[in-house]
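Let me begin by presenting the structure, written as structure tokens, before commenting on it.
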Amino acid sequence: MTQPNPSTAQARVMVDELHRQGVDFAVISPGSRSSALAIAFDQHPGIDTSVVLDERSAGFQALGRARATGLPAVAVCTSGTAVANLLPAVVEADLSLVPLLVVSADRPPELLHVGANQTIDQGGMFGARARWSCDIAAAEPGQDANGYWRTTVAQAVARALGHGSRPGPVHLNVAFREPTVPVGDDGRSSAPPYGHGVEGRPSGEPWQRHLRTRSLAAVLPFADGRRGLVVAGEGDFEPAALERVATRLHWPLLGTAASGLRRRNVVTSYHHLLVAGVPDRLRPELVVSIGRIGPSDRLGALTALEVPQVCIDPWGAWNDPRRHATHLIQADPVPSLAALTPAVDTDLTNAWTVADAAMRSALDERIMAEPIPSGPGVARSLGEVSVDHLVVASSMPIRDVDAHTAHTGRVIANRGASGIDGFISTALGVASSPGRTLALAGDLSFLHDAGGLISDPPRDFVLVVVDNGGGGLFDLLPQAQHAPHYERLFVTPHGLDLPRLAEGYGLTATSADLASLAPTVNGLIDDGGRHAVVVPVDREAELKLRRALDEVARDVCADLS
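The opening position of the sequence shown corresponds to residue 484 in my numbering, with each subsequent residue numbered one higher.
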């Protein structure tokens, strides 16, 4: 089928092959040089599109979609600094192993290095952060490039999913000559039709298939029968299978918020159980860490024990920030552990289970006795909300969810680089996938990416904002005691009316206390639409509560000894 010009042919072929390779979502930021791509994505019946003005927000929205589905999602942008604005999302995708595809439009070679408008050196812009980068030449009328375009797209998707390395971001930088709209003459430039074949494989088959197998099980180099303990963070494993293996081994299983284990039989109150180190009756003979195990620094008390410390990751990630590991193993963690002989008794598991129940009960009682809202109280209340995805911002929200949200849907958090940038857009990307989505942000995370709400089409979206007037995390850090001009430089109080700001971006806005928070949020999710629920928090009172919770924890641990 003849195409109106080479650029249109190139864009249509690439978009068609992306869909054949499993891509079903693209975030488009408007621009002239990327017109052929934008039109091709928008016209493809199998690809859902979102239009986002700011490329930084667009990158994070694509990242959120890829996180939620596990499928590559595309961020499309024009030339120049538009590409540079995608760097934060690329960094997060790199560190979190998220299959993000950046497809940027570029000027043809005759316009490079001659001062042409909106032109920078885009090739390889993301450096080692990208699993693969490829510059694709501008289409020529006489060039039969169908196979070249399709195999390049196939390789891009394969590499984003981990073929040859680990999953992560891939950059396709595509040069386009005008016209970039689907006509032969756009009034200022013209090109002959593209008459070569552009068809894909019959029956919608991909041009090339790529197959990837998980890492094999490893023979773990320590004696069987030990009273071990597993700390599961965010990683590539099947949560239900890991729970079954830990149960068979008679090992306690500690599941961080991002582990996907919070609906299962796992220990969740470890942050407070470890308030004064590892109680004697909870000391294991072996610690196995799987994935990234933040955000609680107190887990370091476990990984610092003078026992074998084993980190297992199927991609070989070096997850040992405290440098406590005695063994770092690249293998599939579940079958590797499944080959071990169980512990001879269940005493350690029983001790952790009893301690976890006692701690959770004491913490909940103390939180509910507090008459004013707090970050811990919000996190505890959201455990009563029925959701498929809980998207959580960095800083205090993820720490509070990790410590106080015992049961919820899948928790998604950008913990690769732990930035607050792009949070709203990440949540919108998650909300574009099936299921009930709730987002929890601090006030600064909300403000940092409020512009991400300028997104078409609007998604059903409920955002809970803990408004403590700035960066409350710093109240727990040395800056609070020793930094001159502490409030201005670190807390950065904003003084803004957040409900009015949310309404300005088209959300309905309301406030809630702890008693009404869960039913209010459940009702809003049921109703659909875009909503913000702002929970005002007094920083000084909240700081006192956090210290009180640690005192409660010390009392519980003393009773256990």
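Built from N, CA and C at the ideal position, the CB exists for glycine as well.
Residue from Ala741, Val557, Phe705, Ser864 with nearest C-alpha to Glu721 | Numbered from 1 along the sequence shown, position 238 holds the residue referred to as residue 721. The shortest Cα separation from Glu721 among Ala741, Val557, Phe705, Ser864 belongs to Ala741.
Are the beta-carbon atoms belonging to Gly716 and Gly777 less than 8 Å from one another?
-> Against the sequence shown, residue 716 aligns to sequence position 233. Against the sequence shown, residue 777 aligns to sequence position 294. Yes; because the gap between Cβ atoms is below 8 Å, this pair is in contact.
Please state if the CB of Val770 and the CB of Val790 are separated by a distance shorter than 8 Å.
-> Here residue 790 is taken as the residue at index 307 of the sequence shown, counted from 1. Here residue 770 is taken as the residue at index 287 of the sequence shown, counted from 1. Taking 8 Å as the Cβ cut-off, Val790 and Val770 qualify as a contacting pair.
Looking only at its own chain, which residues have a Cβ that is under 6 Å from the Cβ of Asn951, when we skip the five neighbours before and after it?
-> Within the sequence shown, residue 951 is the residue found at index 468, counting from 1. If we look at Asn951 and ignore the five residues flanking it on each side, its Cβ neighbours are Val1020, Arg1022.
Do you know how far the Cα of Pro650 is from the Cα of Arg642?
-> Within the sequence shown, residue 642 is the residue found at index 159, counting from 1. Within the sequence shown, residue 650 is the residue found at index 167, counting from 1. So the alpha carbons of these two residues sit roughly 7 Å apart.
Bridge partners - Tyr677, DSSP secondary structure assignment = Numbered from 1 along the sequence shown, position 194 holds the residue referred to as residue 677. Tyr677 is bridged to Gln486.
From the DSSP output, which residues share a beta bridge with Val510?
-> Locating residue 510 in the sequence shown gives position 27, where the first residue counts as 1. Paired residues: Ser533, Ala558.
Endpoints, the beta strand (DSSP E) within which His950 is located | Within the sequence shown, the letter at position 467 stands for residue 950. Note on residue identity: the sequence assigns Asp, not His, to residue 950. Element bounds for Asp950: 944 to 950.
Classify Gly630 as helix, strand or coil using the three-state DSSP reduction.
-> Taking the first residue of the sequence shown as 1, we reach residue 630 at position 147. Reduced to three states, the DSSP call for Gly630 is helix.
Residues of its chain near Asp839, where Cβ-Cβ distance is below 6 Å and the 5 sequence neighbours each way are ignored | Along the sequence shown, one-based indexing puts residue 839 at 356. The answer, listed in chain order, is Val750, Ser752.
Enumerated in chain order, which unbroken segments of the beta strand (DSSP E) with a length of 3 residues or greater are wholly contained in the stretch 869 to 957?
-> 872 to 875, 893 to 895, 920 to 925, 944 to 950
Whose C-beta lies closer than 7 Å to the C-beta of Gln504 among residues of the same chain, with five residues either side of it excluded?
-> Taking the first residue of the sequence shown as position 1, residue 504 is located at position 21. Same-chain partners within the cutoff: Val636, Ala637, Val640, Pro689.
Val702 and Leu737 closer than 8 Å at C-beta | For the purposes of this step, residue 702 is taken as residue 219 along the sequence shown, with counting starting at 1. For the purposes of this step, residue 737 is taken as residue 254 along the sequence shown, with counting starting at 1. Going by C-beta atoms, Val702 is not nearer than 8 Å to Leu737.
From Arg942, Ile903, Arg727, residue whose alpha carbon lies closest to that of Ala572 = As a position in the sequence shown, residue 572 is number 89, starting the count at 1. Of the candidates Arg942, Ile903, Arg727, the one whose C-alpha sits nearest the C-alpha of Ala572 is Ile903.
Just curious, the beta strand (DSSP E) that Trp801 is in, first and last residue?
-> The residue given as residue 801 occupies position 318 in the sequence shown. It is not in any beta strand (DSSP E) - Trp801 carries neither H nor E in the DSSP assignment.
Sort His646, Asn568, Ile895, Gly625 by Cα distance to Met608 and report the nearest one.
-> Reading the sequence shown from its first residue, position 125 is the one you call residue 608. Of His646, Asn568, Ile895, Gly625, the residue nearest in Cα terms is Asn568.
Sequence-distant residues of its chain with Cβ nearer than 6 Å to Ala896 (five each side left out) | Stepping through the sequence shown from its first residue, residue 896 is reached at position 413. Closer than 6 Å at the Cβ level, and outside the excluded window around Ala896, lie Ala741, Val875, Ile881.
Starting from the Cα of Ala576, find the closest Cα among Phe929, Arg550, Pro804 and give me that residue.
-> On the sequence shown, position 93 is the one that residue 576 refers to. For the residues Phe929, Arg550, Pro804, the minimum Cα distance to Ala576 belongs to Arg550.
Please go through the same chain and pick out, in chain order, the residues whose beta-carbon is closer than 8 Å to the beta-carbon of His679, but skip the five residues on each side of it.
-> Numbered from its first residue, the sequence shown carries residue 679 at position 196. These residues qualify, in order along the chain: Ala492, Gln626, Asp627, Ala628, Asn629.
7 Å CB neighbourhood of Val1035 in its chain, flanking five on each side removed | Along the sequence shown, read from residue 1 onward, the residue named residue 1035 stands at position 552. Taken in chain order, the residues that qualify are Ala845, Leu846, Arg849.
With distances taken from CA atoms, which of His646, Leu584, Asn833 is nearest His654?
-> Mapped onto the sequence shown, residue 654 falls at position 171. When only C-alpha atoms are compared, the closest one is Leu584.
Less than 8 Å separating the beta-carbons of Pro797 and Arg697?
-> Taking the sequence shown and counting its residues from 1, the one referred to as residue 797 is at position 314. Taking the sequence shown and counting its residues from 1, the one referred to as residue 697 is at position 214. Cβ atoms of Pro797 and Arg697: closer than 8 Å.
With DSSP run on the structure shown, which of helix, strand or coil describes Ala637?
-> In the sequence shown, counting from the first residue as 1, residue 637 sits at position 154. The answer is helix: DSSP assigns Ala637 an H, G or I state.
Should the stretch 934 to 944 be called in touch with the stretch 959 to 968, which here means at least 3 C-beta pairs below 8 Å?
-> no
Which of helix, strand or coil does DSSP assign to Glu538?
-> On the sequence shown, position 55 is the one that residue 538 refers to. Residue state, collapsed to three classes: helix.
Could you tell me if Gly955 is buried or exposed, where buried requires 16 or more neighbouring beta carbons within 10 angstroms of its beta carbon?
-> Looking up residue 955 in the sequence shown gives position 472. Buried, by the Cβ-count rule.
Below 6 Å CB to CB, which residues in the same chain sit around Asp871 once its five sequence neighbours on both sides are set aside?
-> Looking up residue 871 in the sequence shown gives position 388. Counting only Cβ-Cβ distances below 6 Å, and skipping sequence neighbours, we find Gly892, Gly918, Arg919.
Use the C-beta contact count for Ser562: other C-beta atoms within 10 angstroms, 16 or more gives buried, fewer gives exposed.
-> As a first step, residue 562 is located in the sequence shown; it is residue number 79 there, counting from the start. So Ser562 counts as buried.
C-alpha gap between Ala808 and Asp883, whole angstroms = As a first step, residue 808 must be located in the sequence shown, where it is residue number 325. As a first step, residue 883 must be located in the sequence shown, where it is residue number 400. Ala808 and Asp883: Cα-Cα distance of roughly 27 Å.
Starting from Ser579 and walking both ways along the alpha helix (DSSP H), at which residues does that stretch end?
-> Position 96 of the sequence shown, counting from 1, holds the residue named residue 579. 570 to 579 is the span of the alpha helix (DSSP H), which, as asked, contains Ser579.
Across which residues does DSSP place Trp615 in a beta bridge pair?
-> The residue you call residue 615 lines up with position 132 of the sequence shown. Val653, per the DSSP bridge assignment.
Can you tell me which of the three DSSP states Asp796 falls into?
-> To locate residue 796, count along the sequence shown from 1; it is residue 313. Strand, per DSSP.
Which of helix, strand or coil does DSSP assign to Ser772?
-> Taking the sequence shown and counting its residues from 1, one reaches residue 772 at position 289. Strand.
Measure the C-alpha to C-alpha separation of Ala826 and Ala834 and round it to an integer number of angstroms.
-> To locate residue 826, count along the sequence shown from 1; it is residue 343. To locate residue 834, count along the sequence shown from 1; it is residue 351. In a straight line, the C-alpha of Ala826 is about 14 Å away from that of Ala834.
Sorted by chain position, which residues of the same chain lie with C-beta nearer than 6 Å to Ala724's C-beta, five sequence neighbours on each side aside?
-> Residue 724 sits at position 241 when you count from the first residue of the sequence shown. Answer for Ala724: Val817, listed in chain order.
Pairwise C-alpha distance: Asp1042 and Val913 | Translated into the one-based positions of the sequence shown, residue 913 becomes position 430. Translated into the one-based positions of the sequence shown, residue 1042 becomes position 559. Those two C-alpha atoms are separated by around 43 Å.
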